[in-house]
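Read top to bottom, the protein sequences are chains A and B. Just add 126 to wherever you are in the first sequence, counting from 1, and you've got the working numbering. Just add 39 to wherever you are in the second sequence, counting from 1, and you've got the working numbering. Yeah, the Cβ is synthetic: ideal placement off N, Cα and C, and Gly gets one too.
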Amino acid sequence: MNGLFRLALTNLLVRKGRSALSLMGMAVAVILIIGLISFSIGLRALIAHSMGEIQGLQVVRKGSPDPIISTLDQNLESRLNQIPGVRFVAPEVWHLPLVIENRFSYQDGVDSVVTLIGVDPAKTRSLQTAGIYLDHIQEGRFLEPQDVGRVAVLSKKIAETYKKSLGDSLLLGNESYQIIGIYHTDSVVFDRAMFTPIETVRAVRSLADGFVSTFFLEPTDPELFSDSAKLDALAQRIEASIPDIDVRTPGEVNQQASFVLQKIDTFLLIITILPLVGGALAILNTMLMSFQERVREIGILKACGWTSRDILQLVLYESTLLGVLGGLLGIGIGLLAAEALDHFFLNLDPVTPAWLLITAMGLSACIGILGGLYPAYRASRLDPIEAIQSS
Amino acid sequence: MISFHEVHKNYSIFDRDVHALRGVTTDIARGDLTFILGVSGSGKSTLLHLAGALDRPTAGRVEFDGRDLTTLDPIERAHLRRKRIGFVFQSGNLLPQLTALDNVLIARIPSGISSSDRQRARDLLKRVGLEDRIHHRPRQLSGGEAQRVAFARAFLGQPEVVLADEPTGELDTESGQQLMTMLGELRAEEGTTVVIVTHDLSLPGPGHRILSLSDGKILSDERIGENGPTPSPKIATARPLSSEEFQT
Chain A
127 MNGLFRLALT NLLVRKGRSA LSLMGMAVAV ILIIGLISFS IGLRALIAHS MGEIQGLQVV
187 RKGSPDPIIS TLDQNLESRL NQIPGVRFVA PEVWHLPLVI ENRFSYQDGV DSVVTLIGVD
247 PAKTRSLQTA GIYLDHIQEG RFLEPQDVGR VAVLSKKIAE TYKKSLGDSL LLGNESYQII
307 GIYHTDSVVF DRAMFTPIET VRAVRSLADG FVSTFFLEPT DPELFSDSAK LDALAQRIEA
367 SIPDIDVRTP GEVNQQASFV LQKIDTFLLI ITILPLVGGA LAILNTMLMS FQERVREIGI
427 LKACGWTSRD ILQLVLYEST LLGVLGGLLG IGIGLLAAEA LDHFFLNLDP VTPAWLLITA
487 MGLSACIGIL GGLYPAYRAS RLDPIEAIQS S
Chain B
40 MISFHEVHKN YSIFDRDVHA LRGVTTDIAR GDLTFILGVS GSGKSTLLHL AGALDRPTAG
100 RVEFDGRDLT TLDPIERAHL RRKRIGFVFQ SGNLLPQLTA LDNVLIARIP SGISSSDRQR
160 ARDLLKRVGL EDRIHHRPRQ LSGGEAQRVA FARAFLGQPE VVLADEPTGE LDTESGQQLM
220 TMLGELRAEE GTTVVIVTHD LSLPGPGHRI LSLSDGKILS DERIGENGPT PSPKIATARP
280 LSSEEFQT
């Protein structure tokens with residue numbers, strides 16, 4: 127082991143308490159970076175993956191940010207069906223119940239929120255490639271054309287959240303829905319929906335017959351989903367044919383989500399800069415105190431032939447070691463904490479790519495160097511005589 | 040070996056000018072054992088620091104083997120100290136976090152410690168009677184033992200000169216005498232030039248030189264040979280310091 131490095135490590139070990147505090151300061155910064163960015167990447171990947179599974183286009187009223195506040199005339203269905211490139215059209219009515227099982231649905235965060243989607247079972251079952259819910263039924267069955275009234279197919283996550291099983295009833299507002307099927311896509315995007323016959327949701331929303339929230343379109347050519355330009359061209363063609371509608375492709379939804387995530391990332395970046403500055407200040411403080419205590423020691427080293435550069439190197443080794451060790455500690459705790467948070471609270475599948483770990487380590491080392499620069503400079507500039515004569 | 044030519048050194052302490060050395064001219068010859076005596080503030084430590092390239096004179100010239108130390112840049116001065124000079128100070132010579140062995144090797148850390156360095160450090164610690172204290176840290180050593188480690192460190196690189204600033208200043212008489220005896224033996228074995236700033240005249244046998252300083256000037260220069268004192272012809276008329284002045 128390099129002698130300077132060994133001495134730097136020894137110097138840190140001698141002042142265990144202070145070094146530990148600096149390490150923790152650095153570790154907290156890295157934990158935040160790893161945790162927040164892992165969740166951001168995980169969320170992005172999850173949305174991208176989920177959007178990739180949607181083999182269809184969504185039609186909403188022009189300017190509606192979400193199908194829940196969109197209203198369309200159901201007569202559009204036949205016009206949409208006539209557009210070249212459209213294979214099948216399935217109408218849907220969306221609703222967001224605010225009271226579930228006599229509790230405010232947002233009470234436990236997004237995990238307890240349910241989107242109620244009314245579908246025409248016969249038409250939804252006619253979807254060839256876009257029926258992702260049909261493909262993921264785990265218990266019971268999907269809705270049949272003969273199903274009427276308050277019957278529902280919901281996700282395994284919703285069933286678990288409200289502790290329900292197949293055959294049980296779930297209370298939305300004042301209405302009780304019997305669970306006839308449970309699906310599981312393992313996607314936080316899709317596993318928030320509960321399906322029931324379209325007339326049932328119309329009644330809940332007091333929506334007149336002949337109105338829907340959205341149409342789900344399945345293109346004739348499923349290969350379009352691997353060619354975003356062609357898919358966009360089809361969406362534009364539909365929009366050109368029928369005024370006052372927006373046609374959303376999965377890529378467009380993904381882009382919207384990415385835009386929001388980018389804003390969140392910028393916010394996260396600002397949030398993580400603060401603890402990084404804190405980490406640098408912790409190291410600066412530790413190194414300055416250490417320098418004050420070791421003035422005579424530095425004088426002795428200079429008398430023994432150490433150059434100013436040797437002294438500078440020693441102090442920087444110490445501060446960099448603090449940064450790197452703090453970074454390693456932060457990465458370890460950050461990974462464990464992200465997994466634990468995901469497992470017990472968030473279910474967002476955090477993703478921690480190698481570049482994030484390398485960046486966190488690089489940042490830690492840089493923060494260590496930055497925190498040590500000033501004390502190292504002062505130590506290297508010490509006059510040996512004054513240093514030796516200091517008490 | 041080390042020559043001082045009309046050396047002046049001024050300091051400014053709390054806006055007060057202090058003339059530590061006032062035109063000192065003298066030579067320290069290779070192989071000499073020189074004691075620098077003088078009251079506090081007489082300039083003896085300043086002379087030692089200048090000899091060891093730790094400081095620069097305000098005026099005049101200090102030469103080491105004919106080379107003017109004032110012309111050397113900080114790196115050259117550091118290399119000179121590392122390779123050709125050994126230092127021992129009054130106290131606090133050792134790094135508390137390191138063992139005796141590592142303290143002896145400290146000058147070698149930046150350039151890398153070789154196995155021969157390590158072997159020589161062990162030999163030196165054995166020669167100063169600390170073979171069973173090699174892995175002890177300074178807090179586990181007595182004051183005398185710590186100073187012996189400091190001397191072992193000073194001799195590690197087989198320097199041409201060892202400069203000691205009151206090495207026995209904080210030791211009891213017996214420990215001080217033991218240290219001086221040990222230093223005499225090391226010097227004899229290594230053939231090193233030794234300059235000691237001290238109040239302690241319990242010297243290790245004949246054959247040394249006493250340079251007395253007062254108020255930044257050389258007061259007397261006396262060579263103690265086998266047959267007693269031989270005053271230097273240059274300053275034979277200088278008055279030696281009285282024992283009371285030494286005690287001050």
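Using a beta-carbon distance below 9 Å, is residue 430 of chain A in contact with chain B? yes
Given that a residue counts as buried once 16 or more other Cβ atoms are within 10 Å of its Cβ, and exposed if not, what is residue 97 of chain B? exposed
In the DSSP output, which residue or residues are listed as bridge partners for residue 202 of chain B? B:126, B:234
Which one or two residues does DSSP pair with residue 48 of chain B in a beta bridge? B:60
Exposed or buried, what is residue 395 of chain A when buried is set at 16 or more other beta-carbons lying within 10 Å of its beta-carbon? exposed
Does any residue of chain A bring its CB to less than 9 Å from the CB of residue 122 of chain B? yes
Note down, in chain order, each residue of its chain lying with its Cβ closer than 6 Å to the Cβ of residue 354 of chain A, except the 5 sequence neighbours on either side. 377
Are at least three pairs of beta-carbons, each pair with one atom in the region 217-235 of chain A and one in the region 274-281 of chain A, less than 8 Å apart? no
Taking all protein chains shown into account, do 16 or more other C-beta atoms lie within 10 angstroms of the C-beta of residue 188 of chain A, making it buried, or fewer, making it exposed? exposed
Please report the distance separating the alpha-carbon of residue 292 of chain A from that of residue 252 of chain A. 24 Å
How many Å lie between residue 289 of chain A and residue 346 of chain A at the Cα? 40 Å
Taking the Cβ atom as the reference point for each residue, do residue 390 of chain A and residue 158 of chain A lie within a distance shorter than 9 Å? no
Say whether chain B places a C-beta atom closer than 9 Å to the C-beta of residue 436 of chain A. yes
Spatial neighbours of residue 226 of chain B within its chain, please: C-beta separation below 7 Å, excluding the five flanking residues on both sides. 72, 233
What are the boundary residues of the beta strand (DSSP E) that residue 78 of chain B is part of? Looking at the DSSP string, residue 78 of chain B is not in any beta strand (DSSP E), and its letter there is neither H nor E.
Do residue 405 of chain A and residue 580 of chain A come within 9 Å of each other at the CB atom, strictly closer than that value? Nothing can be reported for residue 580 of chain A: it is not among the residues displayed for chain A, which extend from 127 to 517.
9 Å Cβ cutoff, residue 126 of chain B in contact with chain A: yes
If contacts are defined as beta-carbon pairs under 8 Å, then residue 434 of chain A and residue 113 of chain B qualify, I think. What distance do you get, rounded to the angstrom? 6 Å
Are the C-beta atoms of residue 49 of chain B and some chain A residue less than 9 Å apart? no
Residue 499 of chain A at chain B interface by Cβ criterion, 9 Å: no
By Cβ distance below 8 Å, which residues in the same chain neighbour residue 143 of chain B in space, the five residues on each side in sequence not counted? 160, 163, 164, 188, 191, 192, 195
9 Å is my cut-off, CB to CB: does residue 411 of chain A come that close to chain B? no
Which word fits residue 419 of chain A, buried or exposed, when buried means at least 16 other C-beta atoms lie within 10 angstroms of its C-beta? exposed
Nearest by alpha-carbon distance to residue 91 of chain B: which of B:222, B:111, B:80, B:178 is it? B:111
Members of the region 97-110 of chain B near chain A, C-beta cut-off 9 Å: none
For residue 467 of chain A and residue 478 of chain A, the rounded distance between their alpha carbons: 14 Å
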